[in-house]
Amino acid sequence: MSIVALVKVTAYGYLSDKSRVLEDLQECGCLHIISLNPEREISGHSGPSSEAREALNFLLSCPNRRKQVGKFDEFDPLRIERETLNLKSQIGTLNDKRDFLLERIAHLTPWGDFEFPPLDELAGNRFWFYLIPEYQMKDIPADYVWQEVKHDNRFHYVIVISQNEPELMPVQRVRTGNRAAKELEHELEAVEITLEDLQAKRESLTRWCKLLAQKITWLEDLAAREVVAQQTYDESTLFALQAWAPAHQRDMLLAYAEQHTMVLEIEEPGPDELPPTLLENEHSFASGQDLVLFYMTPSYRLWDPSIVVFFSFVLFFAIIISDAGYGALLGLLLLWKWKAWGQSKTMKRMRGLMTYIVGACIIWGMMVGGYFGIMPKPHTFLANFQILDVNNYNVMMILSIFFGVLHLSIGNFADFRCKGNSPQRWVPIGWIGIITGGFLVWIGSMGTGFLTFVKILGILAMLGGGGLAFWFNSPNPIWWKRALGGLNIVPRLSGAFGDTLSYLRLFALGLAGSSLSGTFNSLGMALDDAVPGIGVLLAIFVIVFGHVLNFGLSLMGAVIHGLRLNYIEFFNWGMPEEGYLFKAFARKESGLWKE
Numbered sequence: 038m039s040i041v042a043l044v045k046v047t048a049y050g051y052l053s054d055k056s057r058v059l060e061d062l063q064e065c066g067c068l069h070i071i072s073l074n075p076e077r078e079i080s081g082h083s084g085p086s087s088e089a090r091e092a093l094n095f096l097l098s099c100p101n102r103r104k105q106v107g108k109f110d111e112f113d114p115l116r117i118e119r120e121t122l123n124l125k126s127q128i129g130t131l132n133d134k135r136d137f138l139l140e141r142i143a144h145l146t147p148w149g150d151f152e153f154p155p156l157d158e159l160a161g162n163r164f165w166f167y168l169i170p171e172y173q174m175k176d177i178p179a180d181y182v183w184q185e186v187k188h189d190n191r192f193h194y195v196i197v198i199s200q201n202e203p204e205l206m207p208v209q210r211v212r213t214g215n216r217a218a219k220e221l222e223h224e225l226e227a228v229e230i231t232l233e234d235l236q237a238k239r240e241s242l243t244r245w246c247k248l249l250a251q252k253i254t255w256l257e258d259l260a261a262r263e264v265v266a267q268q269t270y271d272e273s274t275l276f277a278l279q280a281w282a283p284a285h286q287r288d289m290l291l292a293y294a295e296q297h298t299m300v301l302e303i304e305e306p307g308p309d310e311l312p313p314t315l316l317e318n319e320h321s322f323a324s325g326q327d328l329v330l331f332y333m334t335p336s337y338r339l340w341d342p343s344i345v346v347f348f349s350f351v352l353f354f355a356i357i358i359s360d361a362g363y364g365a366l367l368g369l370l371l372l373w374k375w376k377a378w379g380q381s382k383t384m385k386r387m388r389g390l391m392t393y394i395v396g397a398c399i400i401w402g403m404m405v406g407g408y409f410g411i412m413p414k415p416h417t418f419l420a421n422f423q424i425l426d427v428n429n430y431n432v433m434m435i436l437s438i439f440f441g442v443l444h445l446s447i448g449n450f451a452d453f454r455c456k457g458n459s460p461q462r463w464v465p466i467g468w469i470g471i472i473t474g475g476f477l478v479w480i481g482s483m484g485t486g487f488l489t490f491v492k493i494l495g496i497l498a499m500l501g502g503g504g505l506a507f508w509f510n511s512p513n514p515i516w517w518k519r520a521l522g523g524l525n526i527v528p529r530l531s532g533a534f535g536d537t538l539s540y541l542r543l544f545a546l547g548l549a550g551s552s553l554s555g556t557f558n559s560l561g562m563a564l565d566d567a568v569p570g571i572g573v574l575l576a577i578f579v580i581v582f583g584h585v586l587n588f589g590l591s592l593m594g595a596v597i598h599g600l601r602l603n604y605i606e607f608f609n610w611g612m613p614e615e616g617y618l619f620k621a622f623a624r625k626e627s628g629l630w631k632e
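The numbering of the sequence shown is the numbering used here, which starts it at 38 and goes up by one.
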């Protein structure tokens, strides 16, 4: 749960060893390259073409695959690519032709079994086919030569005989072409046979999927090495490479340099340098890191908010859902997709997040007594777990604001720690006092006695916090300039108030979901009582439809607003600067192929 400390590494070696060194360092995968030729235009091998990936995806999407070839010395990826793309083009063309023939046959079938006579037998006239509704039959011009073939309860099937397409017909003509249905059916059969043969060739080519995927990954690694090779400084028989590396890899890099006759300089980042950010979290909470990086990259000299974002998102998600039944449904979905969501490292991390979400939803749902919108009856087993009532507006509002105050205070405290010995480090502490004090004043205003003491405590916290934020907001040593700089906190007071109240959305969305599920339950029961016989079926339909709708809306709200409170309100106070991500010079994972 930290931002990894980095060191700047400068390596010097023989130019003749450069290719081997780059391969070894790429295998190590712990360097973020710093270009020593920043003004040089990078060119080189572009890596695998998009056509190669297109060919691989086409083969991977084949329903039936052959046994994979594990090793073949004469494997030619370019030949497989060309054959596959040519096959894809042929299949696409024939699929379009088949669809066209099916459409034409469908248009011709209602007109019966017939063949078009030659044009010279009709004196240059042609047949024009129309489906005309009953009420438009009277709109056919009287001077047209036409014949009704048949009619049904919707249309009259009319053929107009004319050299040119009639312009005054009440409807557009049916496009049938000039070939008989039987002829089209024979052609369709030939097309489908050819398609079967091409699909068989496609299945045959699928045996090369694994090798093709590995070759694409190899080409990407080669392209990355060529790019890095142009970012080194080459002079005579020597080359120099510079990069950021994790400090804990120092010994490994020194050992490699000694083993391969290289010179290595390792130095700490200077005060004016901004290294990239490399986050490192325990596997269980690594999905919090993914949530953070989805929105922004923390600056190297700040802090890693991954663990806070992880647990706050889980908590906010559970509060918005506020139903143990919905949490159980999420649990069933998780069990169903457990294996599928373990195919990659990213999906495994998100699976871990989902596990915590399911647990939190069930626990919070039991605490508020939500079971698909049904409250447990008093003195029952489930009622023993209920300690909150989602319909108790005062308590739920206080709880929501409390979570907001705590969330924003954590962000400010982390900002305080990151500022080191700077006098401005006291500004976040001041804001903690203002936000917490405001909350205590609000609580204290609800009554007398002990609450009066709470109110006084809140006023003192606001005054003390405001004084800290005002006085230390500006580093200027001249008192009156510092005082003017302190006035900059005034506009932010409204921001602090608005950000804190924004957490009321937790209560509002939880209440909305709970009320909606209860409403659908009531509607279903009312239908059951009002409609004898089929009332049960109607009630089941309304209840199921209502809960599916409410479940979907609750999930959307939980994801959107759970992330929003972290990204907007929390980061606004805890993440004053953004950095850039550590991009490791490493081999690609061979994730294109899955057994």
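Glycine included, each C-beta is placed from N, C-alpha and C at the ideal position. All values reported here derive from a predicted model rather than from experimental measurement.
- Own chain residues within Cβ distance below 7 Å of Met391, not counting five before or after: Indexing the sequence shown from 1 puts residue 391 at position 354. Same-chain partners within the cutoff: Leu371.
- Query: When the Cα atoms are used, what is the spatial distance from Thr314 to Leu600?
  - Reply: Here residue 314 refers to the residue found at position 277 of the sequence shown. Here residue 600 refers to the residue found at position 563 of the sequence shown. About 21 Å.
- Given Pro512 as reference, the closest of Ile471, Gly523, Gly214 once Cα atoms are compared: Within the sequence shown, residue 512 is the residue found at index 475, counting from 1. Closest in C-alpha terms to Pro512, from the list Ile471, Gly523, Gly214, comes Gly523.
- In chain order, what residues of the same chain lie with their CB nearer than 7 Å to the CB of Gly214, ignoring the 5 residues before and after it? For the purposes of this step, residue 214 is identified with residue 177 of the sequence shown, where counting begins at 1. Correct list, in chain order: Arg141.
- Item | Within 7 Å, strictly: CB atoms of Pro207 and Asp176 | Taking the sequence shown and counting its residues from 1, the one referred to as residue 207 is at position 170. Taking the sequence shown and counting its residues from 1, the one referred to as residue 176 is at position 139. Going by C-beta atoms, Pro207 is nearer than 7 Å to Asp176.
- Task: Figure out for me which residue from Leu497, Asn318, Ala237, Asp54 has the closest Cα to the Cα of Met299.
- Result: The residue given as residue 299 occupies position 262 in the sequence shown. Of Leu497, Asn318, Ala237, Asp54, the residue nearest in Cα terms is Asp54.
- Message: Pop quiz: Val585 and Gly561 are said to be a contact at Cβ under 8 Å. What is the actual Cβ separation, rounded to whole angstroms?
- Response: On the sequence shown, residue 585 is found 548 positions in, with the first residue counted as 1. On the sequence shown, residue 561 is found 524 positions in, with the first residue counted as 1. Rounded, the Cβ-Cβ distance is 13 Å, inconsistent with contact.
- Message: Mapping the DSSP letters down to three states, classify Leu205 as helix, strand or coil.
- Response: Here the question's residue 205 lines up with position 168 in the sequence shown. Here Leu205 sits in coil by DSSP.
- Which ranges would you report for the alpha helix (DSSP H) in the segment 471 to 540 if only whole runs of at least 4 residues count? Within the segment 471 to 540, the runs of alpha helix (DSSP H) at least 4 residues long that lie entirely inside it are, in chain order, 487 to 509, 516 to 523, 526 to 538.
- Item | Contact set for Phe409: own chain, Cβ-Cβ below 8 Å, skip 5 residues either direction | Within the sequence shown, numbered from 1, the residue matching residue 409 stands at position 372. Excluding positions up to five away in sequence, the list reads Asp360, Gly362, Tyr363, Ser554, Asn558, His584.
- Message: Between the alpha carbons of Ala506 and Leu339, how many angstroms are there, rounded?
- Response: Position 469 of the sequence shown, counted from the first residue, corresponds to residue 506. Position 302 of the sequence shown, counted from the first residue, corresponds to residue 339. Note on geometry: alpha-carbon atoms of Ala506 and Leu339 lie some 20 Å from one another.
- Query: Between Cys67 and Gly407, what straight-line distance do the alpha-carbon atoms span, to the nearest angstrom?
  - Reply: The residue you call residue 67 lines up with position 30 of the sequence shown. The residue you call residue 407 lines up with position 370 of the sequence shown. So the alpha carbons of these two residues sit roughly 49 Å apart.
- Identify whether Glu304 lies in helix, strand or coil by the three-state DSSP scheme. Taking the first residue of the sequence shown as position 1, residue 304 is located at position 267. Looking at Glu304 - three-state DSSP - the assignment turns out to be strand.
- Taking the continuous beta strand (DSSP E) assigned at Ile196, which residues delimit it? Here residue 196 is taken as the residue at index 159 of the sequence shown, counted from 1. Segment 192 to 199, the beta strand (DSSP E) holding Ile196.
- Neighbourhood of Val405 by C-beta distance below 6 Å, restricted to the same chain and skipping five residues each side: Start at 1 with the first residue of the sequence shown, and residue 405 comes out as number 368. Result list for Val405: Ser359, Leu425, Val427, in chain order.
- Would you tell me roughly how many angstroms separate the C-alpha atoms of Ser126 and Phe607, rounded to the nearest one? Counted from its first residue, the sequence shown places residue 126 at position 89. Counted from its first residue, the sequence shown places residue 607 at position 570. If I take the Cα positions, the gap works out to 52 Å.
- Since Ile471 contacts Ile435 with CB under 8 Å, what's their CB separation in whole angstroms? As a working note, residue 471 is residue 434 in the sequence shown. As a working note, residue 435 is residue 398 in the sequence shown. At roughly 19 Å, the Cβ-Cβ gap does not stay under 8 Å, so Ile471 and Ile435 are not in contact.
- Just the C-alpha distance for Ala397 and Gln236, rounded to the nearest angstrom, thanks. Within the sequence shown, residue 397 is the residue found at index 360, counting from 1. Within the sequence shown, residue 236 is the residue found at index 199, counting from 1. The straight-line gap separating the alpha-carbon atoms of Ala397 and Gln236 is approximately 49 Å.
- Three-pair Cβ contact test at 8 Å for the segment 410 to 421 versus the segment 429 to 447: No: fewer than three Cβ pairs fall under 8 Å.
- Query: Thinking C-alpha only, which one of Ala89, Leu159, Gln380 is nearest Leu248?
  - Reply: Residue mapping note: residue 248 aligns to position 211 of the sequence shown, counting from 1. Ranked by Cα distance from Leu248, the options Ala89, Leu159, Gln380 are led by Ala89.
- Message: Please list the terminal residues of the continuous alpha helix (DSSP H) segment that includes Phe276.
- Response: As a working mapping, residue 276 is identified with position 239 in the sequence shown. Phe276 -> not in any alpha helix (DSSP H); beta strand (DSSP E) instead, spanning 275 to 283.
- Please go through the same chain and pick out, in chain order, the residues whose beta-carbon is closer than 8 Å to the beta-carbon of Phe490, but skip the five residues on each side of it. Locating residue 490 in the sequence shown gives position 453, where the first residue counts as 1. Sequence-distant Cβ neighbours of Phe490 in its own chain, meaning closer than 8 Å and more than five residues away, are Gly481.
- Cβ shell of Glu317 (< 7 Å), same chain only, five flanking positions each side left out: Position 280 of the sequence shown, counting from 1, holds the residue named residue 317. Exclusion of the five residues before and after Glu317 leaves Ser39, Val41 as the residues of its chain whose Cβ lies within less than 7 Å of its Cβ.
- For Tyr167, the three-state DSSP class (helix, strand or coil): Against the sequence shown, residue 167 aligns to sequence position 130. Strand at Tyr167.
- Message: Closer than 8 Å is the cut-off here; do at least three beta carbon pairs connect the segment 240 to 247 with the segment 95 to 106?
- Response: Contact check between the segment 240 to 247 and the segment 95 to 106: three or more CB pairs, one atom from each, fall below 8 Å, which counts as touching.
- For Ala292, does the count of other Cβ atoms within 10 angstroms reach 16, so buried, or fall short, so exposed? For the purposes of this step, residue 292 is taken as the residue at position 255 of the sequence shown. That one is exposed.
- Query: Can you name, in chain order, every residue of its own chain whose Cβ lies under 8 Å from the Cβ of Glu305, other than the five neighbours on each side?
  - Reply: To locate residue 305, count along the sequence shown from 1; it is residue 268. Excluding residues within five positions, the ones whose Cβ falls inside 8 Å are Val44, Lys45.
- Query: Do you know offhand how far Gly474's Cα is from His444's?
  - Reply: The residue you call residue 474 lines up with position 437 of the sequence shown. The residue you call residue 444 lines up with position 407 of the sequence shown. Gly474 and His444 have their alpha carbons spaced roughly 15 Å apart.
- Rounded separation between Ile466 and Asn603 - CA only: The residue labelled residue 466 in the question sits at position 429 within the sequence shown. The residue labelled residue 603 in the question sits at position 566 within the sequence shown. The C-alpha of Ile466 lies about 20 Å from the C-alpha of Asn603.
- Query: What are the uninterrupted segments assigned as beta strand (DSSP E) that are 3 or more residues long and contained completely in the segment 60 to 135, given in chain order?
  - Reply: Counting only runs that start and end inside the segment 60 to 135, the beta strand (DSSP E) elements of at least 3 residues fall at 69 to 71.
- Does the Cβ of Lys108 have 16 or more other Cβ atoms within 10 Å, making it buried, or fewer, making it exposed? Along the sequence shown, read from residue 1 onward, the residue named residue 108 stands at position 71. Counting Cβ neighbours within 10 Å, Lys108 comes out exposed, since fewer than 16 surround it.
- Presumed contact (8 Å Cβ cut-off) between Val211 and Leu168, rounded CB distance: Here residue 211 refers to the residue found at position 174 when the sequence shown is read from its first residue. Here residue 168 refers to the residue found at position 131 when the sequence shown is read from its first residue. At roughly 6 Å, the Cβ-Cβ gap stays under 8 Å, so Val211 and Leu168 are in contact.
- Can you have a look at Ser349 and say buried or exposed, based on whether 16 or more other CB atoms are within 10 angstroms of its CB? Walking along the sequence shown from the start, residue 349 turns up at place 312. Classification of Ser349: buried, given that the 10 Å Cβ count is 16 or more.
- Task: Ignore the nearest five residues each way along the sequence and tell me which others in Leu590's own chain have a CB closer than 8 Å to its CB.
- Result: Along the sequence shown, read from residue 1 onward, the residue named residue 590 stands at position 553. Cβ within range, chain order: Gly550, Leu553.
- Please classify Pro460: is it buried, with 16 or more other beta-carbons within 10 angstroms of its beta-carbon, or exposed? Locating residue 460 in the sequence shown gives position 423, counting from the first residue. By the 10 Å Cβ count, Pro460 comes out exposed.
- Task: Report yes if the CB atom of Leu301 is closer than 7 Å to the CB atom of Ala48, and no otherwise.
- Result: Here residue 301 refers to the residue found at position 264 when the sequence shown is read from its first residue. Here residue 48 refers to the residue found at position 11 when the sequence shown is read from its first residue. Taking a C-beta distance under 7 Å as the contact criterion, Leu301 and Ala48 qualify as a contact pair.
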